[in-house]
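In what follows, a structure is listed as structure tokens, so that the remarks can point back to it.
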Amino acid sequence: MPQVLHPDWKPAPYWWDAMPPQPAATALPQAVDVAVIGGGYCGLHAARTLAANGRSVVVLDAREPGYGASSRNHGMLSGGLKVPAGLDARLGKEWADEVRRTAFESYAFVKDLIADNALDVDFAETGRFIGAHCPKAYQALKARRDYLESAYGYHVRMVPREAQRAEVGSDFYYGGLVIEEVAGMHPAKLHSEVRRLAETAGALVCGNAEVQAIEGQKGAFTVRTVRGTVHAEEVFLATNAYTRTFNATVFPYVRDRLVPVTAYMAATEELPLDLAERLLPTNRMCGDTKRSLYAFRLSPDKRRIVFAGRAKFRDIGEAEATPILHRFMCDVWPELADVKVTHCWKGNVAFTFDHVPHLGVENGVHYAAGCQGNGVAVMSYLGHQAALKILSGSKHQCGHDGIGFPTRPTYDGRPWFLPAIGAYYKTRDAVDRRLAH
Ligand SMILES: Cc1cc2nc3c(=O)[nH]c(=O)nc-3n(C[C@H](O)[C@H](O)[C@H](O)COP(=O)(O)OP(=O)(O)OC[C@H]3O[C@@H](n4cnc5c(N)ncnc54)[C@H](O)[C@@H]3O)c2cc1C
């Protein structure tokens, strides 16, 4: 076992120590108004809104609900930060404004939900620091600041390299950007609380109910699962980056438009308090400008570093990923060389070919998918929006309506090209840094 692995190391999310995915052994109903496939934030928010408006709803998840990205993520809540700046040219100003508005509203949607229901999710509006990996990237961040200020009215400021130790106790970056409208929370606790709200509203949540086929049409669907069949008037597909994980044939339309990418995460052992405070003095959610980016934060109790990075651009085991992530941490903080890693885990992130999340209807089935690794707020909000569409007989409009959902010829949801893209990203990042020295 490599030295960096703590004796208690486990290949499971750190978040599951406090909140493991809960079983949902409820018997399947024979018939419902709406069957929701996928029990992450997106499916649960849809279910909650539908049930609160009097619809009978079942949520079907292949594993325990929360098995997917919703209990594995980094725990950063933000709206709109990854909406691409070139959107106006591609979609036209009017559509682009609608997409931006959706992203913006999604942050308040989740933040208000947490406050209004006093959800116990370790929420803290910490803000976000984005480190520049080279001087050129620092200059580019100024354009991002201007964009975030003008498009969203966010409070954003540049942090020059001389001042960055106030944000990150490291000289790795060439200055950075602080965005105040970003929060941290405990992702698995958030999932558990949203599930509680959905169940309280009347939704049935069923685990170990992998869907194998959707047959029929609007008003008369048959959803076949490994546990039996459910008849539903409407179906909402919320399987996102896990669309091809369990059963690749359920809904090829969405499968063929998503690029699932494995993201790797690790948590350190408990650090001495003064060290943790020195590494991240402002307790912000952090990221950087590298194409193969690092993201990091303190755990909610401020005792550990929780770190995300592309250990590889292909699927590897957690034991292999751990020393790579530890090396990434030491790039930022060389003083972590002797610190051990207690948890390492991975999860799927769904990219789209146009870098925009999508909400729509295909063959009568509603779907929402593709959040480029930034979906805690957006996928929650799109789940709610999909429910409003179903409730209104598709009269409700959302910013994502009618945007074409692109794919590529012969692509079937298996991103064979990722290792090549990853190698290119890592080379470009390394060249940027070498030129900066
Ligand atoms: C490591 C990592 C870090 C991330 N960090 C952040 C972050 O800090 N901030 C942020 O905003 N976003 C982050 N994200 C993205 C965010 O977690 C996701 O966008 C969000 O959780 C997506 O929620 P969802 O409900 O759409 O999908 P998921 O939570 O993935 O749920 C999909 C569900 O569908 C189920 N499913 C799949 N196929 C079937 C089937 N055939 N039958 C039944 N069920 C099925 C799966 O079991 C799964 O539970 C991160 C993601 C990862 C993986």
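Positions 0 to 436 (our numbering) are the ones given, in order, by the sequence shown.
For glycine and all other residues, C-beta sits at the position ideal for the given N, C-alpha and C.
field: M0 (DSSP reduced to helix, strand or coil)
entry: Note that M0 scores a pLDDT of 48, beneath 50, so its modelled location is shaky and nothing firm can be said.
field: CB of A368 within 9 Å of CB of L236, strictly
entry: Yes; because the gap between Cβ atoms is below 9 Å, this pair is in contact.
task: Select from G398, R413 and H365 the residue whose C-alpha is nearest the C-alpha of A46.
output: Shortest Cα-Cα distance from A46 to any of G398, R413 and H365 involves H365.
message: Checking 9 Å against the spacing of the C-beta atoms, do V56 and A202 come in under that value?
response: Taking 9 Å as the Cβ cut-off, V56 and A202 qualify as a contacting pair.
query: Cβ of G168 within 9 Å of Cβ of W332?
result: If you check the CB distance, G168 and W332 come in under 9 Å.
task: Please name the residue, chosen from D96, V158 and A182, that lies closest to Y146 on a Cα-to-Cα basis.
output: With distances taken between Cα atoms, Y146 lies closest to D96.
query: Does the Cβ of I113 lie closer than 8 Å to at least one heavy atom of ligand 1?
result: Relative to ligand 1, even the nearest heavy atom lies 8 Å or more away from the CB of I113.
- prompt: Between the region 410-424 and the region 248-268, are three or more C-beta pairs nearer than 8 Å?
  reply: Output reads yes: the region 248-268 touches the region 410-424.
- request: Would you check if there are 3 or more beta carbon pairs closer than 8 Å linking the region 126-139 to the region 207-217?
  value: The answer is no - the region 207-217 does not touch the region 126-139, with fewer than three Cβ pairs under 8 Å.
task: Say yes only if the C-beta of H73 is nearer than 8 Å to one or more non-hydrogen atoms of ligand 1, and no if none qualify.
output: Result yes, Cβ under 8 Å from ligand 1.
Bounding residues of the beta strand (DSSP E) (the contiguous stretch that carries W344): Taken as a continuous stretch (DSSP letters only), the beta strand (DSSP E) holding W344 covers V340 to T351.
task: Any chance you could list the alpha helix (DSSP H) runs of at least 4 consecutive residues sitting entirely within the region 247-306, in chain order?
output: Annotation note: the region 247-306 contains the following uninterrupted alpha helix (DSSP H) runs of length 4 or greater, listed N- to C-terminal: 251-254 and 272-278.
message: Taking the alpha carbon of V109 as the reference point, which residue from H383, L292, E269 and V234 has its own alpha carbon closest?
response: Comparing alpha carbon positions, the residue from H383, L292, E269 and V234 closest to V109 is H383.
query: Is the CB of S291 under 9 Å away from at least one CB in chain B?
result: The chain inventory of the structure shown lacks chain B, comprising one protein chain alone.
query: Using the C-alpha atoms, what's the distance from T48 back to C397?
result: Answer to the nearest angstrom: the Cα atoms are 15 Å apart.
query: For E366, which beta-bridge partners are listed by DSSP?
result: According to the sequence as given, residue 366 is Tyr; it is not Glu. The secondary-structure analysis by DSSP pairs Y366 across a beta bridge with L236 and G359.
message: Give the list of continuous beta strand (DSSP E) stretches no shorter than 3 residues that lie fully inside the region 117-148.
response: Complete beta strand (DSSP E) runs here, min 3: 127-130.
- request: Inspect the beta-carbon positions of R313 and S291 and report whether they are closer than 9 Å.
  value: The Cβ atoms of R313 and S291 lie no closer than 9 Å to each other.
query: By Cβ distance, which residues of its chain are closer than 6 Å to N52, with the 5 residues on each side in sequence left out?
result: The residues are L390.
query: Does DSSP put V214 in a helix, in a strand, or in coil?
result: Looking at the sequence provided, one finds Glu at residue 214 rather than Val. Three-state DSSP puts E214 in a strand.
message: Less than 9 Å between the beta carbons of A275 and R303, yes or no?
response: For A275 and R303, yes; Cβs fall inside 9 Å.
- prompt: When we look at the beta-carbon of N373 and count the other beta-carbons within 10 Å, is it buried (16 or more) or exposed?
  reply: Buried, because 16 or more other Cβ atoms sit within 10 Å of the Cβ of N373.
- request: Report the rounded CA-to-CA distance for H132 versus P418, giving the unit in angstroms.
  value: Going from the Cα of H132 to the Cα of P418 covers about 22 Å.
- request: Give the range of the beta strand (DSSP E) segment to which L203 is assigned.
  value: Its beta strand (DSSP E) spans residues L203 to C205.
query: What number of angstroms, rounded off, separates the C-alpha of R433 from the C-alpha of G286?
result: Cα to Cα, R433 sits roughly 20 Å from G286.
- prompt: Between which two residues does the alpha helix (DSSP H) harbouring R243 extend?
  reply: Per DSSP, R243 belongs to no alpha helix (DSSP H) and is neither H nor E.
message: Quick check on the burial criterion: 16 or more other C-beta atoms within 10 angstroms. Buried or exposed for E180?
response: That one is buried.
- prompt: For L176, which residues does DSSP report across the bridge?
  reply: Answer is I129 and M157.
task: Assign R89 to one of two classes, buried (16 or more other C-beta atoms within 10 Å of its C-beta) or exposed (fewer than that).
output: With fewer than 16 neighbouring CB atoms inside 10 Å of its own CB, R89 falls in the exposed class.
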